[in-house]
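Input: a single structure, listed below in structure tokens.
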Amino acid sequence: ETPENLSNGTSSNVEAAKRLAKRLYQLDRFKRSDVAKHLGKNNEFSKLVAEEYLKFFDFTGMTLDQSLRYFFKAFSLVGETQERERVLIHFSNRYFYCNPDTIASQDGVHCLTCAIMLLNTDLHGHNIGKKMTCQEFIANLQGVNEGVDFSKDLLKVLWD
Numbered sequence: 009e010t011p012e013n014l015s016n017g018t019s020s021n022v023e024a025a026k027r028l029a030k031r032l033y034q035l036d037r038f039k040r041s042d043v044a045k046h047l048g049k050n051n052e053f054s055k056l057v058a059e060e061y062l063k064f065f066d067f068t069g070m071t072l073d074q075s076l077r078y079f080f081k082a083f084s085l086v087g088e089t090q091e092r093e094r095v096l097i098h099f100s101n102r103y104f105y106c107n108p109d110t111i112a113s114q115d116g117v118h119c120l121t122c123a124i125m126l127l128n129t130d131l132h133g134h135n136i137g138k139k140m141t142c143q144e145f146i147a148n149l150q151g152v153n154e155g156v157d158f159s160k161d162l163l164k165v166l167w168d
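Sequential numbering of the sequence shown, starting at 9, is according to the working numbering.
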């Protein structure tokens with residue numbers, strides 16, 4: 009595979025993906041609500057666009073929750089559940105790339121990212137009855153970091 013043939017895309021596809029990613033990031037003729045639609049599609053070109061888009065974000069040294077806030081300032085996470093899930097996977101991959109020593113794997117980052125999103129909905133959603141306790145949040149995440157528990161201190165900070 010040549011350098012021009014990145015991520016199974018031809019060089020022209022990669023260049024087109026870079027251009028679209030830049031326009032999405034700069035909101036050049038796009039609205040904030042358009043971004044997730046492009047990043048969340050399930051095709052190779054959209055995956056290239058998402059990879060290029062996430063390169064505009066340097067999460068190095070940031071906590072996961074700080075990174076999520078920074079990321080979601082750029083656009084609105086709208087769309088179907090599967091589309092939103094794909095966006096969160098792209099985010100998780102980029103976070104892990106920027107912080108390879110903070111969480112055991114990309115999957116661990118993704119599990120914690122989804123847990124933070126669910127926690128946010130649980131704590132701040134209007135249609136939720138009983139709110140999740142800190143102990144429940146910690147228990148829900150036991151063993152999902154490559155079979156190891158996340159630091160309880162980290163989870164307590166995220167819950168707060």
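Every residue gets a Cβ at the ideal spot worked out from N, C-alpha and C, and that includes glycine.
Quick caveat, the model's predicted, so the values are computed rather than measured.
Where residue i sits in the DSSP three-state scheme
i           : result
residue 50  : coil
residue 150 : coil
residue 160 : helix
residue 132 : helix
residue 139 : coil
residue 37  : coil
residue 97  : helix
residue 155 : coil
residue 116 : helix
residue 125 : helix
residue 82  : coil
residue 45  : helix
residue 73  : helix
Assigned exposure category for residue i - 16 Cβ within 10 Å defines buried
i           : result
residue 81  : exposed
residue 162 : buried
residue 12  : Because the pLDDT at residue 12 is just 42, under 50, the model does not fix this residue reliably, and the value given afterwards should be weighed accordingly. The residue in question, residue 12, is exposed, as its Cβ has fewer than 16 Cβ neighbours within 10 Å.
Cut-off 7 Å between Cβ atoms - residues of its own chain near residue i, not counting five sequence neighbours on either side
i           : result
residue 122 : 96
residue 38  : 31 and 32
residue 151 : 157
residue 179 : Since the first residue of the chain shown is 9 and the last is 168, residue 179 is not available in this structure.
residue 21  : 53 and 56
residue 100 : 114, 117, 118 and 121
Close-in-space but distant-in-sequence residues of the same chain around residue i (CB under 8 Å, 5 per side omitted)
i           : result
residue 25  : 17, 53, 56, 57, 59 and 60
residue 40  : 82, 83 and 84
residue 124 : 72, 73, 76 and 166
residue 92  : 44, 48, 85 and 86
residue 153 : 111, 112, 113, 116, 119 and 120
6 Å Cβ shell around residue i - same chain, five flanking residues per side excluded
i           : result
residue 64  : 33
residue 94  : 48
residue 170 : Any question about residue 170 goes unanswered here, given that the chain covers just 9 to 168.
residue 29  : 57, 60 and 61
Across the segment 87 to 97 and the segment 42 to 50, are there enough close Cβ pairs to call them in contact, namely three or more that are closer than 8 Å?
yes
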